[in-house]
Each structure stands twice: as C-alpha cells, then as structure tokens.
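Novice: Residue numbers for the sequence shown, in this note's numbering: 63 to 339.
Each residue gets a CB set at the ideal place from its N, CA and C atoms; glycine is no exception.
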Amino acid sequence: MNYNLSQLPERTAKPREQGFTMVMDKGLSVREVEDFLEVGAPYTDIVKLGWATSFVTPNLKRKLAAYKEAGIPVYFGGTLFEAFIIRNQFDDYRRLLEEYGMEYAEVSDGSIDLVHDKKLEYIRTLAQDVQVLSEVGSKDAEKIIPPYKWISQMKTELEAGAVKVIGEAREAGNVGLFRSTGEVRSGLVEEILTQIPFEKILWEAPQKAQQVWFIKLLGPNVNLGNIAPNEIVSLETIRLGLRGDTFTDFLDMDNVDDMFKPEVKPVGRPGTSMPRG
Numbered sequence: 063m064n065y066n067l068s069q070l071p072e073r074t075a076k077p078r079e080q081g082f083t084m085v086m087d088k089g090l091s092v093r094e095v096e097d098f099l100e101v102g103a104p105y106t107d108i109v110k111l112g113w114a115t116s117f118v119t120p121n122l123k124r125k126l127a128a129y130k131e132a133g134i135p136v137y138f139g140g141t142l143f144e145a146f147i148i149r150n151q152f153d154d155y156r157r158l159l160e161e162y163g164m165e166y167a168e169v170s171d172g173s174i175d176l177v178h179d180k181k182l183e184y185i186r187t188l189a190q191d192v193q194v195l196s197e198v199g200s201k202d203a204e205k206i207i208p209p210y211k212w213i214s215q216m217k218t219e220l221e222a223g224a225v226k227v228i229g230e231a232r233e234a235g236n237v238g239l240f241r242s243t244g245e246v247r248s249g250l251v252e253e254i255l256t257q258i259p260f261e262k263i264l265w266e267a268p269q270k271a272q273q274v275w276f277i278k279l280l281g282p283n284v285n286l287g288n289i290a291p292n293e294i295v296s297l298e299t300i301r302l303g304l305r306g307d308t309f310t311d312f313l314d315m316d317n318v319d320d321m322f323k324p325e326v327k328p329v330g331r332p333g334t335s336m337p338r339g
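1) My output table needs one value for G238: the three-state DSSP class, helix, strand or coil.
2) Taking only three categories from DSSP, how would you classify N285?
3) Looking at the structure shown, is M340 part of a helix, part of a strand, or coil, going by DSSP?
4) Helix or strand or just coil, what does DSSP make of Y210?
5) Let me check one thing: in DSSP terms, what residues is W391 bridge-paired to?
6) Where are the alpha helix (DSSP H) runs, 4 residues long or more, that stay fully inside the region 157-217, in chain order?
7) Report yes if the C-beta distance between E261 and Q151 is below 8 Å; otherwise report no.
8) Have a look at V194, L90, P259 and A167 and flag the residue whose alpha-carbon is nearest the alpha-carbon of A128.
9) At 4 residues or longer, what runs of the alpha helix (DSSP H) sit wholly inside the region 109-139?
10) In three-state terms, what does DSSP make of V318?
11) Kindly give me the distance between the Cβ atoms of E252 and E230, rounded to whole angstroms, as I take these residues to be in contact under 8 Å.
12) Distance check for D311 and L304, CA to CA, integer angstroms please.
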C-alpha cells in the first residue's frame, strides 16, 4: 500500500483460498491485458476468458503468456466447455486444455440440459489433469432452481473433485443468484451457507451493489467473481472499507472520535408518543 491507515480489515495474501477475486476478460487485447495487470495484478487471483471469447480472440497465446508472466492463472469460460460437450467433443476439449497449458477448467451446464451424474463424471475426469471450478445455476432467467437443489449439486460437485463451486449470475448479474433487477436472492444465499463452507463458494457478483451485499454479509475475504477489469481496484477498496458503501463496516467505533460517530436518534417508549415540533 502507498501509505498507512489503521483499522483496516485483514486481507488474505495470495495465493489464497478466501478473499479470492475472479476477473472476467471479455476480449481484452494483449496491450489492454498489460495495462490491466499494471494495476490489477496484486488484487486478481484468476481470470476467466468469458464464455467462448477465446475462440475468436486474436493473439490468444500471447495474451495467455502475459497473464502467466504476472503469475495469474486463466481458464476458459464454462460456455466453451458446453459448446464442446453438445458437439460430442469432450476429448477435443481435454486436448485444448493441454495445448494451451491450462491449470483450471470450468464445468457448467447453464446453457445445456446435462444429466447431473454426467456432469459429475466430467468433473472427475478433468480433475485428474487440472483444478476444476464447477458452476451451479442456469443462465435461463425463467428456470428457478430451489435452494435444496443448489445445495445438493454443490455438495456432490465438490465431492467429485471441484476445488470451488461457482454461483451462476452471468456477466450482467441478473439470473441465478439474482433476480432480473440484480437484487440478491438473499434467502437462497443464506440457505446455501448453512450447508456449504463459504471458502468453497465463488459468488459471481458483477454489480457493485452485489459486491457490497456479499462483503457486508461475509466480510472482506468473501470469494467474488465476474469482476470487470476496470473495477478490480474499486472492489479492493470496498473490501477494505475505503469506499462509502462499507466505510464504517470495519471500524472499531469505540476508537472513533465522538464527533464522527453516527447520531443516535431518540425513540419513544412503548405506550408514549414523541413530542411534536
């Protein structure tokens, strides 16, 4: 950091299991990647090449080399995995991971109807070669998955070999974990957390309000994903309580000057009325 401030929450250090940030690259050029890494590398744990953008991205190997030089692993989006599966090209997909030196792979079924046992089989197979991130949830806004099913799928996918499970939200943050307005399905999240360790979940949260909600609920070291490259520094300030949204969340209010403490307004006791001015 550039200078000292007291009363900051403790952030985990890289490589980390908690406080994990996944950035979504939707088609950055090699030069844009280099510019992003200049400021974003310290706060980025992994990068996803969104959906199947890697298929049409020029200079893909140069781009991957830039991330690798910065010590940041990259993986192909789950939609690319699904594009290979629906074409019966799973073996080709495995060869693709090897050709590009991928250390991670995403297994998802947000765009296709995949029998869950078959999904688990793909996870087990890929886990022999790479670290698997498995995504739970649908990209179809009309398809509402009940909480018990989210929990069951997350449990079995972790047991099959996934290192983390991803809560689906799409790049817009308006499906899966969220309503069409972007509002968090808080009951769903809280129910998931009764059964699944929070460090094993990567919550896709592309919108600032969603990031703030999860940080307020689970603290600065919650795992968040689908972060835009130009929002990575902003997210880190939210994690540290250095943006208005979380400004007082991590302060020890006993050690804050009285003149800066929030005013507590008096309330009437039951059975009485407040005087009118």
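Specialist: Per the coordinate set shown:
1) Within the sequence shown, numbered from 1, the residue matching residue 238 stands at position 176. Reduced to three states, the DSSP call for G238 is coil.
2) In the sequence shown, residue 285 corresponds to position 223, counting from 1. If DSSP states are grouped into helix, strand and coil, N285 belongs with coil.
3) The structure shown has nothing for residue 340, since the chain only spans 63 to 339.
4) Residue mapping note: residue 210 aligns to position 148 of the sequence shown, counting from 1. The answer is helix: DSSP assigns Y210 an H, G or I state.
5) With the chain covering 63 to 339 only, the question about residue 391 has no answer from this structure.
6) 178-188
7) Residue mapping note: residue 261 aligns to position 199 of the sequence shown, counting from 1. Residue mapping note: residue 151 aligns to position 89 of the sequence shown, counting from 1. It is not a contact, given that the beta carbons lie outside the stated cut-off.
8) On the sequence shown, position 66 is the one that residue 128 refers to. Considering only alpha carbons, the answer is L90.
9) 122-131
10) Reading the sequence shown from its first residue, position 256 is the one you call residue 318. V318: coil per DSSP, three-state reduction.
11) Here residue 252 refers to the residue found at position 190 when the sequence shown is read from its first residue. Here residue 230 refers to the residue found at position 168 when the sequence shown is read from its first residue. No, E252 and E230 are not in contact; Cβ-Cβ is about 17 Å, not under 8 Å.
12) As a working mapping, residue 304 is identified with position 242 in the sequence shown. As a working mapping, residue 311 is identified with position 249 in the sequence shown. Looking at the two C-alpha atoms, the distance is approximately 10 Å.
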